[in-house]
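Participant: Sequential numbering from 243 applies to the sequence shown in the numbering used here. Backbone N, C-alpha and C fix where the C-beta goes; we use that ideal spot for every residue, glycine too.
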Amino acid sequence: SGTGTVIAPLTNADDVSTPIAIGFSFPFFGTSQVNVGVSSNGLLTFGGVDSTFTNANLTTSPNLAAIAPFWDDQHTGGGVAGSNVFFQVIGAGSNQHVTIQWNKVRFFSGGTAGDTITYQAQLYADGRIQLNYLDLTSGAATSNNGASATVGIKAAGAQGADRLLLAF
243 SGTGTVIAPL TNADDVSTPI AIGFSFPFFG TSQVNVGVSS NGLLTFGGVD STFTNANLTT
303 SPNLAAIAPF WDDQHTGGGV AGSNVFFQVI GAGSNQHVTI QWNKVRFFSG GTAGDTITYQ
363 AQLYADGRIQ LNYLDLTSGA ATSNNGASAT VGIKAAGAQG ADRLLLAF
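1) Can you tell which of 371, 367, 249 and 258 has its C-alpha closest to the C-alpha of residue 406?
2) Answer yes if the segment 295 to 308 comes into contact with the segment 319 to 332, meaning at least three C-beta pairs across the two stretches below 8 Å, and no otherwise.
3) For residue 276, count neighbouring Cβ atoms within 10 angstroms of its own Cβ and tell me buried if that reaches 16, exposed if not.
4) Short check: CB of residue 398 to CB of residue 263, under 7 Å?
5) Could you check where the beta strand (DSSP E) with residue 281 kicks off and where it finishes?
6) Please go through the same chain and pick out, in chain order, the residues whose beta-carbon is closer than 7 Å to the beta-carbon of residue 292, but skip the five residues on each side of it.
7) Does the beta-carbon distance from residue 326 to residue 253 come in below 7 Å?
8) Can you round the beta-carbon distance between residue 328 and residue 246 to whole angstroms, since I take them to be within the 8 Å contact cut?
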């Protein structure tokens with residue numbers, strides 16, 4: 243968050259999604275992607291944006307190709323300095339990557355004001371995906387530690403084998 247660029251449409255936002263340029267060509271399920279839709283609810287989509295706050299098991303929803311780092315009903319106004327969604331492109335060659343960080347955001351309901359969650363997704367030019375989690379608890383929220391989140395990846399359309407569901 244100290245060096246990244248704020249994704250302005252996601253500032254103090256609920257159920258908002260906006261496209262950003264990745265900065266390079268990211269291979270995802272056989273398609274080169276140059277833009278990604280970033281949602282205030284912890285969802286990344288390709289080929290469009292999706293601001294849905296009700297997460298699913300990635301079988302039919304979202305319909306777009308997606309990465310769900312921590313898809314759950316969230317609000318980017320965490321009530322503390324630095325609450326926002328940031329991105330930054332760094333590196334070169336196969337190590338070039340974009341980092342998207344949900345920094346000091348909160349659950350839409352149930353969290354403690356000022357007690358925020360922080361996590362990020364890193365998309366690499368060679369197709370690697372890395373998910374990093376700093377803090378996933380806010381007070382006594384029932385959503386703490388991913389209890390109601392979706393984490394995984396999927397290709398576009400209805401899926402069976404072309405999805406990887408880590409948590410739902």
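Facilitator: On the basis of the coordinates in this document:
1) Considering only alpha carbons, the answer is 371.
2) Short answer: they don't touch.
3) With fewer than 16 other Cβ atoms within 10 Å, it is exposed.
4) Against a cut-off of 7 Å, the Cβ pair of residue 263 and residue 398 comes out as no contact.
5) 273 to 281 is the extent of the beta strand (DSSP E) around residue 281.
6) When the five nearest sequence neighbours on each side are left out, the beta carbons in the same chain lying within less than 7 Å of the beta carbon of residue 292 are those of 259, 279, 281, 285, 304 and 306, in order along the chain.
7) Closer than 7 Å, so yes.
8) Yes, residue 328 and residue 246 are in contact; Cβ-Cβ is about 3 Å, under 8 Å.
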